[in-house]
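Heads up: take any position in the sequence shown, counting from 1, add 39, and you land on this note's numbering. As structure tokens, the structure follows; a few thoughts come after it.
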Amino acid sequence: MEFITEKIGKAYYSEGKESEIIDFQWTVFGLKVTISTWLSLEHQIGVEYEFKSFNGFRYLDEGDFLGYWSSSEFNNESHLFRILKGGWKTGEVTQSGLLDVSRAIDELNEYFIATTNGCLTVLAFEMPKITEVELKES
Numbered sequence: 040m041e042f043i044t045e046k047i048g049k050a051y052y053s054e055g056k057e058s059e060i061i062d063f064q065w066t067v068f069g070l071k072v073t074i075s076t077w078l079s080l081e082h083q084i085g086v087e088y089e090f091k092s093f094n095g096f097r098y099l100d101e102g103d104f105l106g107y108w109s110s111s112e113f114n115n116e117s118h119l120f121r122i123l124k125g126g127w128k129t130g131e132v133t134q135s136g137l138l139d140v141s142r143a144i145d146e147l148n149e150y151f152i153a154t155t156n157g158c159l160t161v162l163a164f165e166m167p168k169i170t171e172v173e174l175k176e177s
């Protein structure tokens with residue numbers, strides 16, 4: 040599958056480090072996803088993505104996105120992408136009756152939150168608010 044993406048936000052340190060979705064909140068106010076990632080070899084942080092208006096989402100293990108990783112559009116230094124071509128909304132769906140409404144809404148964007156573990160695809164009308172947060176020790 041051919042992909043065209045737009046990287047959103049900054050790149051993070053990734054050499055030998057794992058990133059992961061660590062929190063997920065879905066309420067009437069929207070969807071908030073928090074990942075853990077690295078600013079440097081020693082400094083781990085959280086990044087929150089808040090979507091106010093969305094149509095749907097799916098969470099899958101990174102191993103279920105092998106077709107994505109073979110594309111040069113994705114790398115492990117960026118965590119958020121807007122998928123312009125390919126992906127869930129425009130590339131994967133081949134069964135009639137699935138995502139027909141979402142595909143018909145031109146204003147609906149597909150965002151992909153990539154980590155070295157789980158990944159989340161979000162169909163949303165607006166780009167999420169992005170906030171870096173310090174992670175609390177457990």
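Glycine is no exception: its CB is placed at the ideal position from the N, C-alpha and C atoms.
Residues that residue i bridges to, as DSSP identifies them
i, result
"residue 61", "Residue 61 is not bridged to any residue."
"residue 149", "122, 162"
"residue 179", "The chain is shown only over 40 to 177; residue 179 falls outside these bounds and no answer can be derived."
"residue 85", "75, 172"
"residue 52", "77"
"residue 46", "120"
"residue 69", "66"
For residue j and residue i, the rounded distance between their alpha carbons
i, j, result
"residue 114", "residue 101", "13 Å"
"residue 42", "residue 112", "7 Å"
"residue 50", "residue 77", "10 Å"
"residue 146", "residue 167", "14 Å"
"residue 123", "residue 45", "7 Å"
"residue 94", "residue 162", "5 Å"
"residue 171", "residue 89", "12 Å"
"residue 59", "residue 127", "21 Å"
Residue i: CB within 7 Å of a non-hydrogen atom of the ligand COA
i, result
"residue 73", "With respect to the ligand COA, the structure offers nothing, as it holds no ligand at all."
6 Å CB neighbourhood of residue i in its chain, flanking five on each side removed
i, result
"residue 61", "73, 75"
"residue 57", "155"
Proximity of residue i and residue j at Cβ, strictly below 8 Å
i, j, result
"residue 150", "residue 121", "yes"
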